[in-house]
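First up is the structure itself, then whatever we jot down about it.
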Amino acid sequence: MSPRGLFTDMRSMHFNCIFLSAILILLPLSGCLDEDLSSRTETAEDGTERCWAIIQTITSMEHESEMMRNYHYTMTNLTYDASCNMIHSSWWGGDGYGGYTNISYNDEGQPILIQTGSSEWNNTTATLEEDPYIEFEEYHYENGLLMQLKTYYEDGAGEEYWNYTYDSEGREILEETEFTTKESFYTSNGLLSFTKKIGYGNSTTYANYTYDDAGQMTQMTSTYGYGGTWYQPTYTNYTYVDDLLVSSSIATSAHQSPDVTTYTYNENGDLLTQTLQWGSNPNASSTIAHSWGYADTV
Numbered sequence: 116m117s118p119r120g121l122f123t124d125m126r127s128m129h130f131n132c133i134f135l136s137a138i139l140i141l142l143p144l145s146g147c148l149d150e151d152l153s154s155r156t157e158t159a160e161d162g163t164e165r166c167w168a169i170i171q172t173i174t175s176m177e178h179e180s181e182m183m184r185n186y187h188y189t190m191t192n193l194t195y196d197a198s199c200n201m202i203h204s205s206w207w208g209g210d211g212y213g214g215y216t217n218i219s220y221n222d223e224g225q226p227i228l229i230q231t232g233s234s235e236w237n238n239t240t241a242t243l244e245e246d247p248y249i250e251f252e253e254y255h256y257e258n259g260l261l262m263q264l265k266t267y268y269e270d271g272a273g274e275e276y277w278n279y280t281y282d283s284e285g286r287e288i289l290e291e292t293e294f295t296t297k298e299s300f301y302t303s304n305g306l307l308s309f310t311k312k313i314g315y316g317n318s319t320t321y322a323n324y325t326y327d328d329a330g331q332m333t334q335m336t337s338t339y340g341y342g343g344t345w346y347q348p349t350y351t352n353y354t355y356v357d358d359l360l361v362s363s364s365i366a367t368s369a370h371q372s373p374d375v376t377t378y379t380y381n382e383n384g385d386l387l388t389q390t391l392q393w394g395s396n397p398n399a400s401s402t403i404a405h406s407w408g409y410a411d412t413v
């Protein structure tokens with residue numbers, strides 16, 4: 116699955132505060148993590164099925180400034196249906212804003228409609244202060260494959276479309292929007308080899324992927340060119356322990372202090388924390404922490 120806006124954070128101007136944004140970062144790392152990282156159905160000895168899931172996520176920042184610490188604090192609570200699909204999340208932040216996400220699924224458990232809203236948050240009443248700013252995402256499938264994503268605002272304005280084409284193996288080979296196209300190419304053993312994205316003004320971005328013998332992605336190199344000029348590549352490196360991603364680092368050169376993200380898990384391999392340490396500011400970091408438990412489904 117490609118990160119195509121699914122379950123996106125409603126406040127893109129801030130540090131990603133909802134746990135699914137972390138999950139979307141991890142999805143392309145073939146061989147290291149399952150696609151469904153937020154919940155799973157477990158069967159007890161008596162045959163009863165229960166939903167084991169992330170029920171709350173907290174984003175926090177370590178920083179010398181109290182204002183920055185407060186501004187980047189966010190709490191997100193999640194609700195699941197009887198099939199253990201996340202159908203609702205609500206969040207509020209220390210910056211005075213809050214919001215929600217509602218998700219509807221088809222019979223195959225694929226999301227078909229996502230509604231997000233955000234507005235100023237009243238801590239006293241624990242409600243949104245005014246009518247929220249609402250966006251929608253519609254997903255359309257054929258034979259289980261996502262063929263089109265449509266996004267728009269509450270009044271129907273601002274429609275945008277993403278269209279997808281697949282090869283005979285069901286692998287995405289083309290993503291098209293009004294202004295961009297992205298082609299995907301694969302190795303002989305089915306791993307994503309590289310992508311080529313043509314954007315505004317015929318800008319071009321190549322992303323090349325390297326894997327270890329287990330098929331786990333170990334490096335992604337992104338190179339951007341525009342107007343005949345190619346800029347310095349960005350390198351993202353991934354490290355694993357017992358098939359779990361434990362760290363990733365991103366830098367534009369060997370001499371730059373990289374931004375490093377570390378991941379921790381419980382004994383079942385469930386993601387507990389994701390901590391970003393900025394190379395440009397070693398005294399500042401941001402952490403997304405997940406609380407797991409048996410969810411009360413609706």
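Take the sequence shown: its letters are residues 116 to 413, numbered as in the numbering used here.
Backbone N, C-alpha and C fix where the C-beta goes; we use that ideal spot for every residue, glycine too.
Inter-residue Cα distance where the pair is residue i and residue j
i           : j           : result
residue 155 : residue 375 : 29 Å
residue 173 : residue 342 : 42 Å
residue 368 : residue 309 : 20 Å
residue 197 : residue 386 : 22 Å
residue 142 : residue 161 : Because the pLDDT of residue 142 is 38, which lies under 50, any placement of that residue in the model is unreliable, and the number read from its coordinates should be weighed accordingly. Cα-Cα distance, rounded: 33 Å.
residue 358 : residue 304 : 19 Å
residue 321 : residue 348 : 9 Å
residue 238 : residue 382 : 36 Å
residue 362 : residue 384 : 15 Å
residue 222 : residue 400 : 41 Å
residue 331 : residue 244 : 46 Å
residue 410 : residue 185 : 28 Å
residue 371 : residue 392 : 14 Å
residue 211 : residue 183 : 13 Å
residue 136 : residue 170 : With a pLDDT of 42 at residue 136, under the threshold of 50, the modelled position of that residue is not reliable, and the figure given next carries that caveat. Answer to the nearest angstrom: the Cα atoms are 15 Å apart.
residue 194 : residue 316 : 43 Å
residue 297 : residue 339 : 13 Å
Sequence-distant residues of the same chain with beta carbon closer than 6 Å to residue i, five excluded per side
i           : result
residue 218 : 202, 226, 229
residue 208 : 189
residue 278 : 263, 291
residue 205 : 192, 215
residue 267 : 251, 273, 274
residue 318 : 341
residue 337 : 322, 349
residue 269 : 249
Which residues DSSP lists as bridging residue i, in chain order
i           : result
residue 374 : 365
residue 356 : 359
residue 232 : 215, 249
residue 167 : 155, 409
residue 243 : 236
residue 208 : 189
residue 332 : 326
Collapsed DSSP secondary structure at residue i in the structure displayed
i           : result
residue 286 : coil
residue 408 : strand
residue 304 : coil
residue 403 : strand
residue 185 : helix
residue 414 : A question about residue 414 goes unanswered here, because the residues of the chain that appear run from 116 up to 413.
residue 195 : strand
residue 257 : strand
residue 221 : coil
residue 172 : strand
Assigned exposure category for residue i - 16 Cβ within 10 Å defines buried
i           : result
residue 254 : buried
residue 324 : buried
residue 164 : exposed
residue 152 : buried
residue 241 : exposed
residue 200 : buried
residue 248 : exposed
residue 344 : exposed
residue 260 : exposed
residue 168 : buried
residue 213 : buried
residue 280 : exposed
Cβ shell of residue i (< 8 Å), same chain only, five flanking positions each side left out
i           : result
residue 246 : 234
residue 149 : At residue 149 the pLDDT is 37, less than 50, meaning the model places this residue with poor confidence and gives no usable figure here.
Neighbourhood of residue i by C-beta distance below 7 Å, restricted to the same chain and skipping five residues each side
i           : result
residue 301 : 286, 307, 308
residue 398 : 179
residue 295 : 312, 313, 314
residue 282 : 288
residue 373 : 364, 365, 366, 394
Residue i beta carbon near the ligand MN (any heavy atom closer than 7 Å)
i           : result
residue 346 : In the structure on display, the ligand MN does not appear, and there are no ligands present to speak of.
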